[in-house]
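Trainee:
Number of protein chains: 2
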Amino acid sequence: MSGIVKTGPLPRYYQLKELLREKVRSGEWMPGTAIPSERELCEQYGISRMTARQSITELVREGLLYREQGRGTFVAQPRIAQQLLRLTGFSEDMQARHQRPGAKVLTAEMWSVDPRTADRLNVKPSHPVFRVRRLRLADAQPLALETAVVSFAGCERLLDEDLAHSSLYQLLETKYKLPLLAAEQEVEAGLTQEDEAELLGLGPGDPVLRTRRVTYSERGRPVEYATAVYRGDKYTFYTRIVRDGVAL
Amino acid sequence: MSGIVKTGPLPRYYQLKELLREKVRSGEWMPGTAIPSERELCEQYGISRMTARQSITELVREGLLYREQGRGTFVAQPRIAQQLLRLTGFSEDMQARHQRPGAKVLTAEMWSVDPRTADRLNVKPSHPVFRVRRLRLADAQPLALETAVVSFAGCERLLDEDLAHSSLYQLLETKYKLPLLAAEQEVEAGLTQEDEAELLGLGPGDPVLRTRRVTYSERGRPVEYATAVYRGDKYTFYTRIVRDGVAL
DNA sequence: AAGTGGTCTAGACCACTAT
DNA sequence: TAGTGGTCTAGACCACTTG
Chain G
6 MSGIVKTGPL PRYYQLKELL REKVRSGEWM PGTAIPSERE LCEQYGISRM
56 TARQSITELV REGLLYREQG RGTFVAQPRI AQQLLRLTGF SEDMQARHQR
106 PGAKVLTAEM WSVDPRTADR LNVKPSHPVF RVRRLRLADA QPLALETAVV
156 SFAGCERLLD EDLAHSSLYQ LLETKYKLPL LAAEQEVEAG LTQEDEAELL
206 GLGPGDPVLR TRRVTYSERG RPVEYATAVY RGDKYTFYTR IVRDGVAL
Chain B
6 MSGIVKTGPL PRYYQLKELL REKVRSGEWM PGTAIPSERE LCEQYGISRM
56 TARQSITELV REGLLYREQG RGTFVAQPRI AQQLLRLTGF SEDMQARHQR
106 PGAKVLTAEM WSVDPRTADR LNVKPSHPVF RVRRLRLADA QPLALETAVV
156 SFAGCERLLD EDLAHSSLYQ LLETKYKLPL LAAEQEVEAG LTQEDEAELL
206 GLGPGDPVLR TRRVTYSERG RPVEYATAVY RGDKYTFYTR IVRDGVAL
C-alpha cells in the first residue's frame, strides 16, 4: 500500500523522493500534469507534511518538478527535467555517450607542483603531488590528451593503481573516500601543437578544445586540477546551468 | 538583539540567511571556522530549529557553508563559495569580465522557425518566432556572432526594442516577465567560415568556439535558442558544475 | 557523556489561486 | 470558500563525533 517503510535503513523522505521520481520516469505522470498535493501525499503514505515537502523540494531543485503557489506541484518538461546535473570524469562522460572509455598511461609519477597548479590546488609550491598523463580513448580511438594532478594526504598510493583500466574519479570517490562535489571548468578553442597532433591522430592546425578543471571535495577543498586537449572534430562539451537563488 | 523580526514582510528563515551571509561576507566568520550550532541559533534569534535549518540548508546549497554530521556547520573556502552560479547573457558575461558589451544588429525579424530549432523550442515547425542576429562587441571590438531565436506569446513586440543597446536577457526578465532559470549549452571547437571571418576580424582557418544554448523559463518552458561563434583567441568559456544529489 | 547535524511529527496560520 | 503551497512551532529520537 504505502511503500514507505516505517523503520527501514533509508529515510522516508528519500523513499518518497525515489517513488515520485519513478512515477515521472515511467510516464505515469506526464509533463505538465499536477502531482497529488502535499497533504494528499502525507495521508497516502502516512508521513508528515514536512517530510513530504523535503522529498518534493529536492526534486524541484533537480528540475523534475515545479511548484506554483496556490495551484499545486507539476511535472516539468522532460528535456530539462531528465538531464540531471552530474559531475563526471572522462570515463563516466563516455559511458553517457554510449562510447567505451579507455586510456593509455603516458606517465604517472609524484611531481613537484608548479606555482600555477599549486595556486589552484591550494598547496605550497614544490609540494609533492600525484600527476598522471593519459591518452584518452573512446571506442579505442584517441579522443583526448589529459593531464590530471591530484593532491591529498596519501595521494602517492595512486602510483599503484591501474589507471589504464580504472576511472580516476571512481577510485577517488570509492577507494579514497573523496566525494567530488563541485568543479570549475574553463573551455577554449585552439589549434593542435605538434606533439599533440601525433598522439591524437590529427594534422597540424586542426581545431581542438582545451579544458582546465579544478575539482572540489568536501569543505570546498580542491583535490584535482586537470587539463585536457580534445579532438575538435569528435567532441562537444555539454553543460547545464541552473540559476542561483531560484526560489523553491 | 535578535535582529529577526517577528512579523515583518520577509520570512524569518530568509532574514537569518542574509544575516549569516553577511557574517561570512564581512569576514567576521572566516573560512573553516564553525558557525553557531543550529540549537544555538534557535535560542539566539528566538526561532525554531526547522526554521534555522532552512536558512543553513540554502546557504549550504549555495556553497557558502558546509555541514559535518556530529561536528557542526562551517564556513567554506572562498574560492568555491563566493563564485555563485549565474545564468548570464552576453552583456552580463562581459560586465563580469570588466569589458564593455556592445552589439551591432545585423537582422531582427519574425521568422518561420526551422524544424531543428522548432524541436529545441518545443513549438510547431513554421511557427513564427523572433530572430535577431547580432555582432557582439567587447570594448568595441568584435568578439562573437550571435543568433538568438525567442519564442513566447507576444514575442513580436521584441521587434520594437533597441537590441543594439539593450541586453536581451534583461529585457526578457524585466519587461516581459520571463525569468530565465536554467540553460543547456553545447560548446565545440571549430574553424572560421568565410562570412564569419570577415565580421569577426579573423582570417580563414582561425580557431573559433561554437556554442548552442537553450534557455528555459518557469515550468521548464524553453524560451530562447541561441547559437554563437566566438573568436577563439579572445574568449574562454567558464562553467561551474555542482554535483546533483549532494546531501544537504 | 555531551553535543552535533539528520530525520520526523502533528499540528498551525498565511498568501495565493480557482470556482 | 475550499484547496494549494509557504512558513513556522516545539518538541522528539537517531547516528555520528569528540572528549
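Protein sequences, first through last, are from chains G and B.
Straight run, no breaks: the first sequence in this note's numbering ends on number 253.
Straight run, no breaks: the second sequence in this note's numbering ends on number 253.
Beta carbons are placed, not taken as given, at the ideal position from N, Cα and C, and that holds for glycine.
Under 8 Å: do the region 75–84 of chain G and the region 28–40 of chain G share three or more Cβ pairs, one atom per stretch?
Mentor: With a cut-off of 8 Å, the region 28–40 of chain G and the region 75–84 of chain G count as touching, because enough Cβ pairs lie within range.
Trainee: Indicate the three-state DSSP secondary structure (helix, strand or coil) for B/Arg-125 in the structure shown.
Mentor: DSSP places B/Arg-125 in helix when its eight states are reduced to three.
Trainee: Taking Cβ positions, are B/Glu-191 and G/Thr-241 nearer each other than 8 Å?
Mentor: Going by C-beta atoms, B/Glu-191 is nearer than 8 Å to G/Thr-241.
Trainee: From this set, B/Val-228, B/Gly-206, B/Tyr-174 and B/Met-115, which residue's C-alpha is nearest B/Ala-149's C-alpha?
Mentor: The shortest C-alpha separation from B/Ala-149 is found at B/Gly-206.
Trainee: Under 8 Å Cβ-Cβ, which residues of chain G neighbour B/Val-29?
Mentor: In chain order: nothing, as chain G lies at least about 12 Å away.
Trainee: By the 10 Å Cβ neighbour count, where 16 or more other Cβ atoms means buried, how is B/Leu-25 classified, buried or exposed?
Mentor: Buried.
Trainee: So does the region 124–133 of chain B actually touch the region 225–234 of chain B, counting three or more Cβ pairs closer than 8 Å?
Mentor: As far as the Cβ criterion goes, the region 124–133 of chain B touches the region 225–234 of chain B, which means the pair count is three or higher.
Trainee: For G/Tyr-230, would you say it is in contact with chain B, using Cβ-to-Cβ distances shorter than 8 Å as the test?
Mentor: False, the Cβ-Cβ gap to chain B never drops below 8 Å.
Trainee: So, is G/Ala-169 buried or exposed, given that buried needs 16 or more other C-beta atoms within 10 angstroms?
Mentor: By the neighbour-count rule (16 or more Cβ atoms within 10 Å), G/Ala-169 is not buried but exposed.
Trainee: Return no unless some Cβ of chain G is closer than 8 Å to the Cβ of B/Ile-61.
Mentor: By this cut-off, B/Ile-61 is not an interface position.
Trainee: What is the rounded straight-line gap between the Cα of B/Val-65 and the Cα of B/Lys-22?
Mentor: So the two alpha carbons sit approximately 11 Å from each other.
Trainee: Closest by CA to G/Lys-109, which one among G/Arg-54, G/Asp-144 and G/Glu-67?
Mentor: That would be G/Asp-144, whose Cα lies nearest to the Cα of G/Lys-109.
Trainee: Any idea what DSSP makes of B/Glu-33, helix, strand or coil?
Mentor: In the structure shown, B/Glu-33 sits in coil (DSSP, three-state: anything other than H, G, I, E or B).
Trainee: Would you call the CB atoms of B/Leu-46 and B/Ala-39 closer than 8 Å?
Mentor: The answer is no: Cβ separation not under 8 Å.
Trainee: Among G/Glu-189, G/Val-234 and G/Arg-217, which residue has its Cα nearest to the Cα of G/Glu-199?
Mentor: For the residues G/Glu-189, G/Val-234 and G/Arg-217, the minimum Cα distance to G/Glu-199 belongs to G/Val-234.
Trainee: Nearest-angstrom Cα distance between B/Glu-178 and B/Ser-222?
Mentor: Near 9 Å, if we compare the C-alpha coordinates of B/Ser-222 and B/Glu-178.
Trainee: May I ask you to list the residues that DSSP assigns as paired with G/Ser-156?
Mentor: In DSSP, G/Ser-156 forms no bridge with anything.
Trainee: Under 8 Å, do G/Thr-232 and G/Thr-216 count as touching if we go by C-beta distance?
Mentor: Going by C-beta atoms, G/Thr-232 is nearer than 8 Å to G/Thr-216.
Trainee: Report the partner residues of G/Ser-20 according to the DSSP bridge assignment.
Mentor: First, the amino acid is wrong: residue 20 of chain G is Gln here, not Ser. Paired residue(s): none; G/Gln-20 is not in a bridge.
Trainee: Going by beta-carbon coordinates alone, are G/Pro-212 and B/Gly-195 separated by less than 8 Å?
Mentor: Contact: yes.
Trainee: Just list the residues that DSSP pairs B/Leu-149 with in beta bridges.
Mentor: Residue identity check: residue 149 of chain B is Ala in the sequence provided, not Leu. The partner list for B/Ala-149 (beta bridge, DSSP) reads B/Arg-141 and B/Tyr-235.
Trainee: How many Å lie between B/Pro-133 and B/Leu-111 at the Cα?
Mentor: Spanning the two alpha carbons is a distance of roughly 19 Å.
Trainee: Can you pull the chain B residues whose beta carbon is under 8 Å from the beta carbon of G/Phe-79, in chain order?
Mentor: Near G/Phe-79 (Cβ distances below 8 Å), the residues of chain B are Arg-224.
Trainee: For a test of the three-state rule: what should DSSP assign to B/Ala-194, helix, strand or coil?
Mentor: DSSP places B/Ala-194 in strand when its eight states are reduced to three.
Trainee: In the DSSP output, what is G/Lys-182 paired with across the bridge?
Mentor: Paired residues: none, contrary to the question.
Trainee: Quick check: the Cα distance between G/Asp-238 and G/Pro-14, rounded to an integer number of angstroms?
Mentor: Spanning the two alpha carbons is a distance of roughly 48 Å.
Trainee: From the DSSP output, read off the bridge partner residues of B/Lys-109.
Mentor: Paired residues: B/Leu-140.
Trainee: Run the CB neighbour count on B/Met-6, radius 10 Å, all protein chains shown included, and call it buried at 16 or more, exposed below.
Mentor: Low confidence applies here, because B/Met-6 scores a pLDDT of 46, under 50, leaving its location unreliable; read the following figure in that light. Flag for B/Met-6 reads exposed.
Trainee: Can you tell which of G/Arg-105, G/Met-55, G/Leu-140 and G/Glu-33 has the C-alpha that lies nearest to the C-alpha of G/Tyr-19?
Mentor: Looking at the Cα atoms, G/Met-55 is the closest of the given residues.
Trainee: For G/Pro-77 and G/Ser-42, which I take to be in contact (beta-carbon distance under 8 Å), what is that distance rounded to the nearest angstrom?
Mentor: In the sequence on display, residue 77 of chain G carries Gly and not Pro. That belief holds up - the Cβ atoms of G/Gly-77 and G/Ser-42 are roughly 6 Å apart, short of 8 Å.
Trainee: Can you tell me whether G/Glu-59 is buried or exposed, with buried defined as 16 or more other CB within 10 angstroms of its CB?
Mentor: The sequence given here places Gln at residue 59 of chain G; Glu does not occur at that position. Buried, since its Cβ has 16 or more Cβ neighbours within 10 Å.
Trainee: Can you tell me where the alpha helix (DSSP H) with G/Thr-38 in it begins and where it stops?
Mentor: Taken as a continuous stretch (DSSP letters only), G/Thr-38 belongs to no alpha helix (DSSP H), as it is neither H nor E.
Trainee: Would you kindly work out how many angstroms separate the C-alpha atoms of B/Leu-173 and B/Asp-165, rounded to a whole number?
Mentor: Cα-Cα distance, rounded: 12 Å.
Trainee: So, B/Arg-17 versus B/Ile-61, is the Cβ gap smaller than 8 Å?
Mentor: No, the Cβ-Cβ distance between B/Arg-17 and B/Ile-61 is not below 8 Å.
Trainee: Between the Cα of B/Pro-147 and the Cα atoms of B/Arg-121, B/Arg-236, B/Glu-33 and B/Arg-44, which residue gives the shortest distance?
Mentor: For B/Pro-147, the nearest C-alpha among the options comes from B/Arg-236.
Trainee: Can you say whether B/Met-35 is buried or exposed, counting buried as having 16 or more other CB atoms within 10 angstroms of its CB?
Mentor: Flag for B/Met-35 reads exposed.
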